[in-house]
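K.L.:
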Amino acid sequence: MSFRPLNVPPVDHHGECRYVHVIGAAVFIDDRPAEDDWSTHFIGIVDEHAWWAVDVPRDIDPSYGAALDLRAFHARAPEHQWLAAGRAVQIVEWARTHRFCGRCGEPTELAPGERAMKCPRCGLLSFPRISPAMITLVTRGEPGPDQEALLARGVQWQVPMYSCLAGFVEPGESLEDAVIREVREEVAITVRHPKYFGSQPWPFPNSLMLGFQAEYESGEIACDPTEIMDAGWYRRDDLPMIPPGISIARKLIDAWVVG
Ligand SMILES: [Zn+2]
């Protein structure tokens, strides 16, 4: 059960190949290689198999294969295969959207030996983009049964689910500053002592989620109505509906609940 991300196949690899067929942002995986004129990208070694991403053209016949979006795939596959499939989708989508130089408009070429698109005219290199986003579980009170966590419902969520606060890191900002800013912007609460918890690639479409825990310092909850529908303080024994296990938000909440 392993996934080793790589940009080129190892010379000593003689195992079988598997192909992640990427249709839109959905995937299916089998041993059928790409058609001759389709783009492929090496993903890495998964359980001793060499995995390739296949960029399936958008106008493909729907009978080509039964693809699953990455959320559905998560329910069907072990975590390391889900991460590899997420890498496949992100790299294919990056290649699709970097066919021309962002500076001079020239068609780009794959740079030899690295995961980059290179402009043959001006030399601009474009690498796959990862957008860091932080997600924070804020707690209030001393550790113990009376401690509370701040959970919020986003305005765009269809179900009455409550989760940690999240937002993208701004250019020039540290992760710790992003935690403090985002919590203040979304619910008007001041927090202190942001502490790193763990990270999770989040391929919707290209985030890296950075989980933090932080302590309440001051303020009353006042939701930014453009982002947060409702927010509140919850004890471990009185939690609302929380996110499913796929997300680092759930891992943050679970870790706090277990204490
Ligand atoms: Zn250029």
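If you want the working numbering, it's the 1-based position in the sequence shown plus 243. Note that CB positions come from ideal geometry on N, CA and C, so glycine has one too.
(1) Rounded to the nearest angstrom, what separates proline 418 and phenylalanine 447 at their Cα positions?
(2) When the Cα of proline 468 is compared with those of His292, Ala421, Ile266 and Glu429, which residue comes out closest?
(3) Mind pulling the alpha helix (DSSP H) runs of 4 or more residues that sit fully within the region 288–370?
(4) State the beta-bridge partners of glycine 505 as determined by DSSP.
(5) Can you tell me which of Val434, Gly454 and Thr433 puts its alpha carbon nearest to the alpha carbon of glycine 441?
(6) Measure from the alpha carbon of histidine 284 to the alpha carbon of each residue in Asp302, Trp499, Trp294 and Glu352, then state which is nearest.
(7) CA-CA distance, aspartate 473 and tryptophan 499?
(8) Who does threonine 433 pair with in a DSSP beta bridge?
(9) Check whether the Cβ of leucine 367 sits closer than 7 Å to any heavy atom of ligand 1, and report yes or no.
(10) Between methionine 452 and isoleucine 378, how many whole angstroms is the CB-CB distance? I'm expecting something under 8 Å.
(11) For arginine 414, tell me which candidate among Gly308, Ser374 and Gly475 has the shortest Cα-Cα distance.
(12) Within the continuous beta strand (DSSP E) that includes glycine 397, where are the two ends?
(13) At the level of alpha carbons, what is the spacing between tryptophan 325 and histidine 317?
(14) Would you identify the three-state DSSP class for leucine 226, choosing helix, strand or coil?
(15) Could you give the distance in angstroms between the alpha-carbon of tryptophan 281 and the alpha-carbon of valine 299?
(16) Any idea what DSSP makes of isoleucine 485, helix, strand or coil?
(17) To the nearest whole angstrom, what separates the beta carbons of isoleucine 286 and arginine 330, a pair I think is in contact under 8 Å?
(18) Hey, is cysteine 344 close to ligand 1, as in C-beta under 7 Å from one of its heavy atoms?
(19) Can the beta-carbon of cysteine 260 be found less than 8 Å from the beta-carbon of aspartate 274?
(20) Sort Glu458, Ile491 and Cys466 by Cα distance to glutamine 443 and report the nearest one.
(21) Verify the contact flag: arginine 364, CB atom, against every heavy atom of ligand 1, threshold strictly below 7 Å.
(22) Quick check on the burial criterion: 16 or more other C-beta atoms within 10 angstroms. Buried or exposed for glutamate 352?
(23) Compare the Cα-Cα distances from alanine 307 to each of Gly267, Val289 and Thr340 and report the closest residue.
(24) Could you tell me whether any non-hydrogen atom of ligand 2 is closer than 7 Å to the CB of glutamate 349?
(25) Go through its chain and collect everything with a Cβ distance to arginine 346's Cβ below 8 Å, but skip five positions before and after it.
(26) For the beta strand (DSSP E) containing serine 374, list its first residue and its last residue.
(27) Closer than 7 Å by C-beta to histidine 292: which residues in its own chain qualify, once you throw out the five before and the five after it? Chain order, please.
P.N.:
In terms of the structure at hand:
(1) Note that residue 418 is leucine in the sequence shown, not proline. About 20 Å.
(2) Glu429
(3) 313–319 and 322–340
(4) Nothing in the structure corresponds to residue 505, since the chain is present only between 244 and 502.
(5) Gly454
(6) Trp294
(7) 21 Å
(8) Ser461
(9) yes
(10) 5 Å
(11) With the sequence shown as reference, residue 414 is identified as proline, and arginine is not the correct amino acid for it. Taking only the C-alpha atoms, the option nearest proline 414 is Ser374.
(12) 391–397
(13) 6 Å
(14) As displayed, the chain neither begins before 244 nor continues past 502, which places residue 226 out of reach and without an answer.
(15) 7 Å
(16) coil
(17) 5 Å
(18) yes
(19) yes
(20) Ile491
(21) yes
(22) exposed
(23) This sequence places tyrosine at residue 307; alanine is not what is there. Comparing Cα positions, the closest option is Gly267.
(24) Inclusion of ligand 2 in the displayed structure is not the case, the ligand content consisting of ligand 1 alone.
(25) Cys362, Cys365 and Leu367
(26) 374–383
(27) Gly258, Glu259, Cys260 and Arg261
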